[in-house]
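Right, one structure below, let's go through it.
Numbering (the UniProt record's numbering), first residue to last: 1 to 252.
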């Protein structure tokens, strides 16, 4: 399988959430059929919230075969309203009748550097690599969910930050523009995945999305441009409002 990039435009944010659920369900079914488990890294932010709630309502989803990780986290306790884990717990995990096979959160309440190293080590133990895909000994997730901020960041890879230069570590501590430390996947881990789904909604992101998809390659300015899979499927799932500067006739 060669690397493929697809841009899919949903008419509304609600439609985007339903399409995302269909894509996630298909990836889960394929992964469980081939490898017994579905290893997914969840995203934070506002866009995934509805998606997680819809996933929890799917009566055909076999969550017992899911192994759930996170692609980034704020350095806060898991009970904090800012916690990506807490959001996924409330919208998805707490609504399930049967628990997933594994739920492994980032320890945002701990020392950031130590927590990042511990998470990286755990991923290396729990997520198998697939050297035949050209990704070496890097663990290969079945699906990584990501978003895109107005500034072009993804996960907690922010413009001009040290993590953008990381080529060996898989999980690092990285500062947000506010100065708050975050834990985040790095490009080597993201780009080794079988599938990545980038979710973008809202008119406020339209100019950035046009720059990212149609402008020059500058991941130091727009870190989401650094998501380039070694061998896998990258899908941009965007709503019409976010796509309106690429396709001017798109309604808000």
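All C-beta atoms, glycine included, are put in the ideal place defined by N, C-alpha and C. Quick caveat: nothing in here was measured; it's all calculated off a predicted structure.
Let's see if you can read the secondary structure: which residues bound the alpha helix (DSSP H) around residue 48? The residue you call residue 48 lines up with position 48 of the chain shown. Going by DSSP, residue 48 is part of the alpha helix (DSSP H) stretching over 47-56.
Determine contact between the stretch 231-242 and the stretch 191-200, defined as no fewer than three beta-carbon pairs at a distance below 8 angstroms. Under the 8 angstroms Cβ criterion, the stretch 231-242 counts as touching the stretch 191-200, having at least three qualifying pairs.
For the alpha helix (DSSP H) that residue 124 lies in, which residues bound it at each end? By 1-based counting over the chain shown, the position of residue 124 is 124. Residues 112-126.
Just reading off the alpha helix (DSSP H) that residue 208 is part of, what are its end residues? Position 208 of the chain shown, counted from the start, is the residue given in the question as residue 208. Residue 208 -> alpha helix (DSSP H) spans 206-214.
Just to check my reading of the structure: residue 70 and residue 114 have Cβ atoms closer than 8 angstroms, yes? What is that Cβ distance to the nearest angstrom? Stepping through the chain shown from its first residue, residue 70 is reached at position 70. Stepping through the chain shown from its first residue, residue 114 is reached at position 114. Taking a contact as a CB-CB distance under 8 angstroms, the pair residue 70 and residue 114 does not count as one, their CB atoms being some 17 angstroms apart.
Can you tell me which of the three DSSP states residue 16 falls into? Numbered from 1 along the chain shown, position 16 holds the residue referred to as residue 16. Here residue 16 sits in helix by DSSP.
Assumed close pair residue 170, residue 189 - CB separation to whole angstroms, cut-off 8 angstroms: For the purposes of this step, residue 170 is taken as residue 170 along the chain shown, with counting starting at 1. For the purposes of this step, residue 189 is taken as residue 189 along the chain shown, with counting starting at 1. Going by Cβ atoms, the distance from residue 170 to residue 189 rounds to 4 angstroms, so yes, they are a contact pair.
Which partner residues does residue 158 have in the DSSP bridge list? To locate residue 158, count along the chain shown from 1; it is residue 158. In the DSSP output, where bridge partners are listed per residue, residue 158 has none listed.
Going by beta carbon distance, what residues of the same chain come within less than 7 angstroms of residue 223, once the five residues before and after it are set aside? In the chain shown, the residue the question calls residue 223 occupies position 223. Excluding sequence neighbours, residue 223 sits near 152, 153, 154, 157, 158, 159 and 164.
Is residue 138 helix, strand or coil when you go by DSSP? Within the chain shown, numbered from 1, the residue matching residue 138 stands at position 138. Assigned with DSSP and collapsed to three states, residue 138 falls in coil, not helix or strand.
Who are the near neighbours of residue 47 in its chain, counting only those whose CB is closer than 6 angstroms to its CB and skipping five residues on each side? Translated into positions along the chain shown, residue 47 becomes position 47. These residues qualify, in order along the chain: 147, 199 and 201.
Give the straight-line distance between the Cα atoms of residue 44 and residue 220, rounded to the nearest whole angstrom. Along the chain shown, one-based indexing puts residue 44 at 44. Along the chain shown, one-based indexing puts residue 220 at 220. The C-alpha of residue 44 lies about 22 angstroms from the C-alpha of residue 220.
In the DSSP assignment, find the alpha helix (DSSP H) that holds residue 84 and state where it starts and stops. In the chain shown, counting from the first residue as 1, residue 84 sits at position 84. Run containing residue 84: 84-91, per the alpha helix (DSSP H) assignment.
Please classify residue 121: is it buried, with 16 or more other beta-carbons within 10 angstroms of its beta-carbon, or exposed? Translated into positions along the chain shown, residue 121 becomes position 121. By the beta-carbon neighbour count (other beta carbons within 10 angstroms, threshold 16), residue 121 is exposed.
Cβ-based neighbour list, residue 11, same chain, cut-off 6 angstroms, excluding 5 preceding and 5 following: Start at 1 with the first residue of the chain shown, and residue 11 comes out as number 11. Closer than 6 angstroms at the Cβ level, and outside the excluded window around residue 11, lie 240.
For residue 186 and residue 232, the rounded distance between their alpha carbons: The residue you call residue 232 lines up with position 232 of the chain shown. The residue you call residue 186 lines up with position 186 of the chain shown. Answer to the nearest angstrom: the Cα atoms are 17 angstroms apart.
By alpha-carbon positions, which one of 79, 7 and 31 ends up nearest to residue 105? Residue numbering aside, residue 105 sits at position 105 when the chain shown is read from its first letter. The candidate whose alpha carbon is nearest that of residue 105 is 79.
Alpha carbons only, please: which of 58, 111, 92 and 59 is nearest the one belonging to residue 77? In the chain shown, the residue the question calls residue 77 occupies position 77. Residue 111 holds the alpha-carbon nearest to the alpha-carbon of residue 77 among 58, 111, 92 and 59.
Given 8 angstroms as the limit, tell me if residue 185 has its C-beta closer than that to any heavy atom belonging to the ligand SAH. The model depicted lacks the ligand SAH and carries no ligand whatsoever.
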